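Protein chains in written order, with the numbering used here: chain V, 20 to 83; chain Z, 12 to 361. Backbone N, C-alpha and C define an ideal beta-carbon position, used for all residues, glycine too. Computed from a prediction, not measured in an experiment: that's the story for all the values here.
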Amino acid sequence: MTLITDAFDALAKSEKEAFGAPDHPVLVVQHPIGTVKVEEVNKRADAAFDQLVELLVKPEADKK
Amino acid sequence: MDASVLQSERVEVADDLWAVNAFFEEKGWTDGLPIIPPTEARVGQMIAAVKRNPQDVIGVVPPRWAPATVEKIAINAVMAGCLPQYMPVLIAAAEALTDPKLNLYALQATTGGPAIMLIVNGPIRKQLNINGGSNVLGEGWRANATIGRCIRLIQRNIGGSYPGTTCKATLGWPGKYSLCIAENEEASPWEPFHVEHGFAADTSTVTAISADSSVRASDLDSTKGEGILTNFARRMDGPSGPEAIMVICPEHAKIIAGDGFSKADVKKFVWERAGHRMSEVPEETFNQRVKRRPDLKLTRDSVIPVTDRPEDIIVVVAGGDGSQSQYIHVWGQSTPEGGSTRSVTKAVQI
């Protein structure tokens with residue numbers, strides 16, 4: 020799977036298309052993460068955690 | 012050349028230059044400047060100049076990972092305003108552009124917004140009138156302007172790099188339109204760049220490298236090489252890159268070499284003086300640098316060198332009269348593994 024910030028959403032879509040992998044799982048978190056305080060990064064990580072687990076453990080066919 | 016062998020989609024547009032440009036602009040196929048319409052006849056003339064099969068694949072261009080065939084390169088060459096005789100340089104440039112060492116995917120996607128800088132060496136410079144003299148980084152020469160522009164159009168039209176979506180450049184910089192220079196080999200006291208890298212002097216080469224900004228290294232006062240290089244090194248302070256480009260003007264080069272500096276000496280001298288002084292950065296920046304480069308075991312007294320090794324500094328002699336050199340920053344991080352991008356040099360096949 021791939022983890023990106025939402026600023027790179029269009030690029031990720033383009034890559035999935037280019038590689039013929041429309042179902043490749045991508046976890047999107049809010050941009051930016053490089054210039055926000057570590058507490059905020061932790062909050063975003065916590066918020067994304069359930070979806071991360073879902074993307075990692077679900078069979079490929081069920082992933083969106 | 013028989014145009015029927017061309018495989019690209021044909022479009023019909025009113026026979027009017029403004030209408031054609033409006034159509035191309037609407038399709039997103041331009042860099043914002045008007046283009047020359049890539050008619051079958053013009054594309055055919057481009058391909059004929061290299062005697063290659065139009066469907067030969069020179070490389071694949073990210074982020075679309077689409078094949079840069081001779082035909083597709085020729086189309087973009089016409090659009091950019093190139094002459095057919097530029098095609099061998101464009102083919103070599105496309106080979107360099109798509110070499111995995113350059114890591115074009117990262118260069119296309121990053122917020123850093125680098126240009127692809129081309130450095131041309133060897134006899135082809137004179138044959139095509141590629142400028143390496145006065146105003147070398149500026150306007151005025153068709154070969155420089157259109158060869159560099161063609162590479163940008165290849166990145167866009169073949170690679171699918173569109174600002175704001177697949178190209179995430181925060182600011183970009185004007186070099187992204189076109190950045191192609193020749194080395195001023197005749198005015199250089201040192202061996203040319205391509206000879207330094209193992210090519211014969213009579214071989215022509217194209218080097219591609221990521222370049223994300225330029226800083227003037229003007230020095231009208233120094234009469235000694237040490238002074239020029241010390242002042243130049245001060246312009247190179249700041250975060251390091253995988254490589255760094257010194258465009259040294261002939262007047263500076265003559266003084267530096269006259270004081271006994273070889274090219275390797277120049278690199279070593281500057282490398283020892285240029286860098287990112289950890290004593291001068293805020294606490295947060297220092298902590299981040301420590302995390303990113305644990306291999307350097309940084310302290311507040313450390314200086315992160317401008318590149319990991321002196322030999323990673325690229326020295327090119329270019330420009331006309333005057334005491335004005337420039338430092339061109341190479342995008343990316345130097346890393347324990349060798350850096351996020353590396354320059355690539357390819358021979359031009361005539």
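Own chain, CB closer than 6 Å to residue i, minus 5 neighbours either side, in chain order
{"i": "residue 218 of chain Z", "result": "130, 354, 356"}
{"i": "residue 230 of chain Z", "result": "239, 242, 334"}
{"i": "residue 297 of chain Z", "result": "289"}
{"i": "residue 77 of chain Z", "result": "169"}
{"i": "residue 50 of chain V", "result": "24, 25, 26"}
{"i": "residue 22 of chain V", "result": "46"}
{"i": "residue 66 of chain Z", "result": "80"}
{"i": "residue 160 of chain Z", "result": "91, 189"}
{"i": "residue 32 of chain Z", "result": "45"}
{"i": "residue 187 of chain Z", "result": "126"}
{"i": "residue 361 of chain Z", "result": "99"}
8 Å Cβ cut-off: residues of chain V touching residue i
{"i": "residue 120 of chain Z", "result": "27, 30"}
{"i": "residue 176 of chain Z", "result": "29, 30, 33"}
{"i": "residue 179 of chain Z", "result": "26, 27, 30"}
Partner residues on chain Z for residue i, Cβ-Cβ distance less than 7 Å
{"i": "residue 17 of chain V", "result": "What is shown of chain V runs 20 to 83, which leaves residue 17 of chain V out entirely."}
{"i": "residue 34 of chain V", "result": "74"}
Candidates the options: closest to residue i by CA position
{"i": "residue 49 of chain Z", "options": "Z:172, Z:234, Z:85, Z:175", "result": "Z:85"}
{"i": "residue 137 of chain Z", "options": "Z:195, Z:170, Z:120, Z:115", "result": "Z:195"}
{"i": "residue 267 of chain Z", "options": "Z:319, Z:181, Z:237, Z:125", "result": "Z:237"}
{"i": "residue 26 of chain V", "options": "Z:185, Z:274, Z:181, Z:101", "result": "Z:181"}
{"i": "residue 339 of chain Z", "options": "Z:12, Z:328, Z:316, Z:247", "result": "Z:247"}
{"i": "residue 224 of chain Z", "options": "Z:15, Z:125, Z:258", "result": "Z:125"}
{"i": "residue 111 of chain Z", "options": "Z:94, Z:74, Z:47", "result": "Z:74"}
{"i": "residue 46 of chain Z", "options": "Z:157, Z:96, Z:249", "result": "Z:157"}
{"i": "residue 61 of chain Z", "options": "Z:27, Z:188, Z:337, Z:12", "result": "Z:12"}
{"i": "residue 330 of chain Z", "options": "Z:361, Z:70, Z:261, Z:265", "result": "Z:261"}
{"i": "residue 325 of chain Z", "options": "Z:337, Z:255, Z:198", "result": "Z:255"}
{"i": "residue 64 of chain Z", "options": "Z:16, Z:42, Z:28", "result": "Z:16"}
{"i": "residue 163 of chain Z", "options": "Z:185, Z:150, Z:146", "result": "Z:185"}
{"i": "residue 249 of chain Z", "options": "Z:68, Z:101, Z:313", "result": "Z:313"}
{"i": "residue 276 of chain Z", "options": "Z:323, Z:293, Z:299", "result": "Z:323"}
{"i": "residue 269 of chain Z", "options": "Z:234, Z:173, Z:147", "result": "Z:234"}
{"i": "residue 307 of chain Z", "options": "Z:293, Z:291, Z:287", "result": "Z:287"}
{"i": "residue 295 of chain Z", "options": "V:32, V:70, V:35, V:54", "result": "V:54"}
{"i": "residue 346 of chain Z", "options": "Z:148, Z:173, Z:302, Z:160", "result": "Z:302"}
{"i": "residue 193 of chain Z", "options": "Z:145, Z:227, Z:69", "result": "Z:145"}
{"i": "residue 28 of chain V", "options": "Z:120, Z:54, Z:128, Z:26", "result": "Z:120"}
{"i": "residue 56 of chain V", "options": "Z:20, Z:28, Z:299", "result": "Z:299"}
{"i": "residue 42 of chain Z", "options": "Z:28, Z:245, Z:27, Z:172", "result": "Z:172"}
{"i": "residue 244 of chain Z", "options": "Z:361, Z:280, Z:147", "result": "Z:280"}
{"i": "residue 232 of chain Z", "options": "Z:272, Z:332, Z:263", "result": "Z:263"}
{"i": "residue 292 of chain Z", "options": "Z:309, Z:265, Z:284", "result": "Z:309"}
{"i": "residue 304 of chain Z", "options": "Z:251, Z:132, Z:176", "result": "Z:251"}
{"i": "residue 19 of chain Z", "options": "Z:54, Z:27, Z:34, Z:26", "result": "Z:54"}
Proximal residues to residue i (C-beta, below 7 Å), its chain only, five neighbours per side dropped
{"i": "residue 140 of chain Z", "result": "152, 154"}
{"i": "residue 75 of chain V", "result": "20"}
{"i": "residue 351 of chain Z", "result": "114, 117, 253, 343, 344"}
{"i": "residue 67 of chain V", "result": "46, 48"}
{"i": "residue 57 of chain Z", "result": "85, 88, 89, 95, 98"}
{"i": "residue 134 of chain Z", "result": "213, 215"}
{"i": "residue 22 of chain Z", "result": "none"}
{"i": "residue 83 of chain V", "result": "Note on residue 83 of chain V: pLDDT 49, under 50, position unreliable in the model; no value is reported."}
{"i": "residue 278 of chain Z", "result": "321, 322, 324, 326"}
{"i": "residue 122 of chain Z", "result": "179, 180, 181"}
Neighbourhood of residue i by C-beta, 8 Å cutoff - its chain only, sequence neighbours within 5 removed
{"i": "residue 358 of chain Z", "result": "103, 210, 214, 215, 216"}
{"i": "residue 165 of chain Z", "result": "72, 79, 83, 84, 87, 105, 108"}
{"i": "residue 30 of chain Z", "result": "24"}
{"i": "residue 59 of chain V", "result": "none"}
{"i": "residue 39 of chain V", "result": "none"}
The ligand GDP heavy atom lying under 7 Å from the CB of residue i
{"i": "residue 158 of chain Z", "result": "Ligands in the displayed structure: none, and consequently the ligand GDP is not present."}
Listed by chain order, chain V residues near residue i by CB distance under 9 Å
{"i": "residue 70 of chain Z", "result": "Result: empty, since nearest Cβ-Cβ is about 15 Å, beyond 9 Å."}
{"i": "residue 171 of chain Z", "result": "33, 37"}
Chain A contact for residue i (CB, 8 Å cutoff)
{"i": "residue 357 of chain Z", "result": "The structure shown contains no chain A; its protein chains are V and Z."}
Next on the checklist: As an exercise, report each continuous alpha helix (DSSP H) stretch of at least 4 residues that is fully enclosed by the stretch 193-245 of chain Z, in chain order.
Outcome noted: 204-207
Checklist entry - In chain order, which alpha helix (DSSP H) runs of at least 4 residues are fully inside the stretch 112-180 of chain Z? => result 115-120, 135-138, 153-164
Checklist entry - Taking only runs of the beta strand (DSSP E) that begin and end inside the stretch 292-342 of chain Z, which ones reach a length of at least 3 residues, in chain order? => result 314-316, 324-328, 335-340
Checklist entry - Counting pairs of beta carbons, one from the stretch 55-63 of chain V and one from the stretch 32-42 of chain Z, are three or more of them closer than 8 Å? => result no
Checklist entry - Any contact of the stretch 86-106 of chain Z with the stretch 199-208 of chain Z, i.e. 3+ C-beta pairs under 8 Å? => result Judged by pairs of C-beta atoms under 8 Å, the stretch 86-106 of chain Z does not touch the stretch 199-208 of chain Z, as fewer than three such pairs exist.
Item to check | the stretch 313-324 of chain Z in contact with the stretch 87-96 of chain Z per 3-pair CB rule at 8 Å | outcome: No: fewer than three Cβ pairs fall under 8 Å.
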